[in-house]
Amino acid sequence: MKKSKFVHLRVRSDYGAPVGICDIRGILNAASAQGMPAVGLVDYATVAGAVDIYELGKNADNAVRPIIGCDVGVLLRANGKNPPHIFDVALMAKDFRGYRNLCALVSRLDSDWEPPAIDMENLAEHAKGLLILVLAPPGSEQMARLIDHEWDEIQRFAGRCRDIFGRDEVYVTLSNHGFFEEAAANGASIVLAREMGLRLVASNDIRLLRREDAGAYMIHVDLARPSLVDPTTRHMYGNRECYFQSAEEMAKLFEDIPEALDNSLEIAEKCRLELPLAPETKRNPKLHLPIANSSEKTLEALCAEALTEHYGDSGRSRLEKAKKQLEHELSVIKSKGICDDFLIIRDIIEYAQKKGVIIGPVRGSAAGSIVAYILGMTDVEPLANGLVFEEFLNPLEAEAPHLAIEIQSDKREDILQYLASKYGRERIAIPTVYSPFRRKAAHGSLATATKQPNPTHRGFDAVEAALRRLEGVKQHSEPHAAAVIIGDENLATHIPISGRTKAGIHVSAYTTEACKRLGLFIIDILGLPALAIASRVLRGVKPRGGKLDWDTIPLDDPATFKLIRSGDTSGVFKLGFPLMSHICSEMRVASFAALVVADGSLMPRVSGKSPTSLSVPDGDSADWEGLRKIRAITKETSGRIVFREQVDKVIRVLARCSYGEAVMMRRALAGKTNAEAARKLNTMRENIKKEIGADSANRLIGELTTASRNTTGKAHLASQAMISYKCAYLKAHFPNEFNAATKSLNPKL
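Residue numbering for the sequence shown follows the numbering used here, starting at 612 and increasing by one per position.
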């Protein structure tokens, strides 16, 4: 493909909604289609899409180098008779130092100004590794001053930028979106740049990928910012020329000043950012450790002591089995570099216990770890419950998941404040969740925004087409409900800080996925109302027969199982759902193990199905050696596949492989691409055909495929069932206190 002689430097993504609706992959594809060697992502006041475009650009075959930048306002303070004035600029990172400075500047935006701005002093402090484009957006005061030749303040600002960045790193932009003011403003900008010895660069403010997306873009603006519907300003946002134009189109627009096109390539050559990413880079918080300043040795010592406490009286055989499993897990945990994760969670649990705060078992598959069990992160014993550690940490996979705990919802903020005091408030942040545009929910919102009962723009069909185009575009953002980032230094030098919670905890514009790719430490701390209810009940009752707390509730209480079977479980965690209550009654649940099975049966039932039964040869006449083992695996669930761990174990029998390989093969069955796992699956299928015939083998593999897609991890289900059971215990024995606590926290129940 012919190489482009121009690079778009100012493309807006949907991370900067509503200003842009371009998705990151679409931006890279558009640049590649035009033969552009690079493309600049420059959202207003945020660099939220930086990691996405960097990683996609780096790993793609289209060889488009992303340029990370940001449009910001810079405050030029009052000078003599001149009042303070905010100038629009674009900052672009030339290298990693520039990226860090860009994050720091974005994090320091002052929202007391409209629009939010940074002052010249901050800009000077964080200028290394950056270059700057001086802008004059259509409709701005900057453009008006250029046209009217009121240059004093503009020259003073440009001169300050030249002093801070150096003459070669300051560019004056020219734009041509079809607004009549732009021609005069461009002429003035050319004269200004010549007088001050600055370079010129052509730039269009790209907000949509295709010209025909203008209608969809305008609807997006209407929904996000109804005030912009005002006819005096609306045209600025709905301009059809703010699309990803080709180099040839740009050359026609700026044919009288080709140097401005060439300088876009010059800027692209200067901006060669390399971001250090995980797994090579890890930015774990610095822990105060007692043993040789090593998290590995500290974790080993804690586990050795805790193993004796939990298994010392359980018999030699059981102790040896637990010890062997512990050694295996510690080797994997150390290889993944996540010893710090366990130590931080343990520290949180110890703090919570001292404060009388209830913390539930770790979420997800982490409950399958004996390390998690003996360190008090879960009260579900993994060996006795048949849980598989490889569900949580697979030695064959590079990426390790972050740990997650549940805490009583009314004390979550206390835990965050504890982390802020322990590690430093500047090292704690909450990532952001971006919600996509939903077409079905848009009609009523659009009518409200435009103040029209039946908004049609150019007809109903046109609106429907526009709404379909917007499907999936990022529309809203909010702080993550659970995830917490803990940094090794001030987070504002690695990630953009976009605000604070009411309690003063920083919020980052990055998602959890972006933070993980940067190697930052993340844990999930999820506030659970059920635990807050339990805490109120335990505080408000006088326990019968001695001391009672959350950790000492017995797991074999007949009254509790009677309540569960009766269906009188309104307000009880998970058991209050009618379908779950029905399943427990139907299955006549009389033990904790049976409750876990009932919980595993819930998800298939929600989709109108039942747990998968395996079609294996009947009777003792079958010579297949795996038959007895498979029947043993499904015995606790009456021949059905209820848990993901069961799928793994069956695959392990069929393929004669390790647990780690079985997990990967099960994920391949579920549709997650893995070439090596898929190859092993084919080998397994052929081997089974030799044992039981093609028809039986195909039917069995088909059932395993269905089970791999519909089942949930037993470790997670057991953790959730533990909370359900203990809440049911409190309701069974203290119904008045339980109902009062439930009503006080959730009046709708």
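Just so it is clear, CB atoms sit at the ideal spot from N, CA and C, and this is done for glycine as well.
Using 8 Å as the threshold, is the C-beta distance between residue i and residue j below it?
{"i": "residue 660", "j": "residue 635", "result": "yes"}
{"i": "residue 1093", "j": "residue 1149", "result": "no"}
{"i": "residue 894", "j": "residue 1132", "result": "yes"}
{"i": "residue 1013", "j": "residue 952", "result": "yes"}
{"i": "residue 937", "j": "residue 918", "result": "yes"}
{"i": "residue 688", "j": "residue 1105", "result": "no"}
{"i": "residue 1176", "j": "residue 1207", "result": "no"}
{"i": "residue 657", "j": "residue 700", "result": "no"}
{"i": "residue 781", "j": "residue 811", "result": "no"}
{"i": "residue 676", "j": "residue 641", "result": "no"}
{"i": "residue 983", "j": "residue 1018", "result": "no"}
{"i": "residue 1099", "j": "residue 896", "result": "yes"}
{"i": "residue 1134", "j": "residue 1084", "result": "no"}
{"i": "residue 654", "j": "residue 682", "result": "yes"}
{"i": "residue 1330", "j": "residue 991", "result": "yes"}
Helix or strand or just coil, what does DSSP make of residue i?
{"i": "residue 784", "result": "strand"}
{"i": "residue 1123", "result": "helix"}
{"i": "residue 914", "result": "helix"}
{"i": "residue 730", "result": "strand"}
{"i": "residue 1110", "result": "strand"}
{"i": "residue 687", "result": "strand"}
{"i": "residue 956", "result": "helix"}
{"i": "residue 1223", "result": "strand"}
{"i": "residue 1067", "result": "With a pLDDT of 49 at residue 1067, under the threshold of 50, the modelled position of that residue is not reliable, and no figure is offered here."}
{"i": "residue 827", "result": "helix"}
{"i": "residue 619", "result": "coil"}
{"i": "residue 1327", "result": "helix"}
{"i": "residue 1060", "result": "At residue 1060 the pLDDT is 49, less than 50, meaning the model places this residue with poor confidence; the figure from the coordinates comes in the next sentence. It is helical."}
{"i": "residue 1090", "result": "strand"}
{"i": "residue 1096", "result": "strand"}
{"i": "residue 999", "result": "coil"}
{"i": "residue 1025", "result": "helix"}
{"i": "residue 1251", "result": "strand"}
So if DSSP puts residue i in a beta bridge, which residue, or which two residues, is it bridged to?
{"i": "residue 608", "result": "There is simply no residue 608 to check, as the chain begins at 612 and stops at 1360 in what is shown."}
{"i": "residue 698", "result": "685"}
{"i": "residue 633", "result": "624"}
{"i": "residue 1085", "result": "1047"}
{"i": "residue 1104", "result": "Per DSSP, none; premise fails for residue 1104."}
{"i": "residue 1131", "result": "894"}
{"i": "residue 970", "result": "1018"}
{"i": "residue 1299", "result": "Looking at the DSSP assignment, residue 1299 forms no beta bridge with any residue, so it has no partner."}
Report buried or exposed for residue i, applying the criterion of at least 16 other Cβ atoms within 10 angstroms of its Cβ.
{"i": "residue 1114", "result": "exposed"}
{"i": "residue 1087", "result": "exposed"}
{"i": "residue 814", "result": "buried"}
{"i": "residue 1282", "result": "exposed"}
{"i": "residue 1256", "result": "buried"}
{"i": "residue 746", "result": "buried"}
{"i": "residue 1324", "result": "buried"}
{"i": "residue 1190", "result": "exposed"}
{"i": "residue 1090", "result": "buried"}
{"i": "residue 798", "result": "exposed"}
{"i": "residue 690", "result": "exposed"}
{"i": "residue 1128", "result": "buried"}
{"i": "residue 694", "result": "exposed"}
{"i": "residue 852", "result": "buried"}
{"i": "residue 1246", "result": "exposed"}
{"i": "residue 1232", "result": "Annotation note: pLDDT 42 at residue 1232 (below 50); position unreliable, coordinate value reported separately. The residue is exposed, with fewer than 16 neighbouring Cβ atoms inside 10 Å."}
Where do the N-terminal and C-terminal ends of the alpha helix (DSSP H) with residue i fall, by residue?
{"i": "residue 880", "result": "869-881"}
{"i": "residue 1160", "result": "Residue 1160 -> no alpha helix (DSSP H), and no H or E assigned at all."}
{"i": "residue 1172", "result": "1169-1177"}
{"i": "residue 1262", "result": "1255-1266"}
{"i": "residue 804", "result": "791-807"}
{"i": "residue 653", "result": "Looking at the DSSP string, residue 653 is not in any alpha helix (DSSP H); the run it does join, the beta strand (DSSP E), is 649-655."}
{"i": "residue 985", "result": "981-985"}
{"i": "residue 1361", "result": "Nothing about residue 1361 can be read from this structure; the chain reaches only from 612 to 1360."}
{"i": "residue 1190", "result": "1189-1198"}
{"i": "residue 1143", "result": "1140-1151"}
{"i": "residue 1208", "result": "1203-1211"}
{"i": "residue 1040", "result": "Looking at the DSSP string, residue 1040 is not in any alpha helix (DSSP H); the run it does join, the beta strand (DSSP E), is 1039-1041."}
Over the uninterrupted beta strand (DSSP E) stretch that includes residue i, give me the two end residues.
{"i": "residue 1015", "result": "1015-1019"}
{"i": "residue 773", "result": "Per DSSP, residue 773 belongs to no beta strand (DSSP E); it is in the alpha helix (DSSP H), 763-776."}
{"i": "residue 812", "result": "810-813"}
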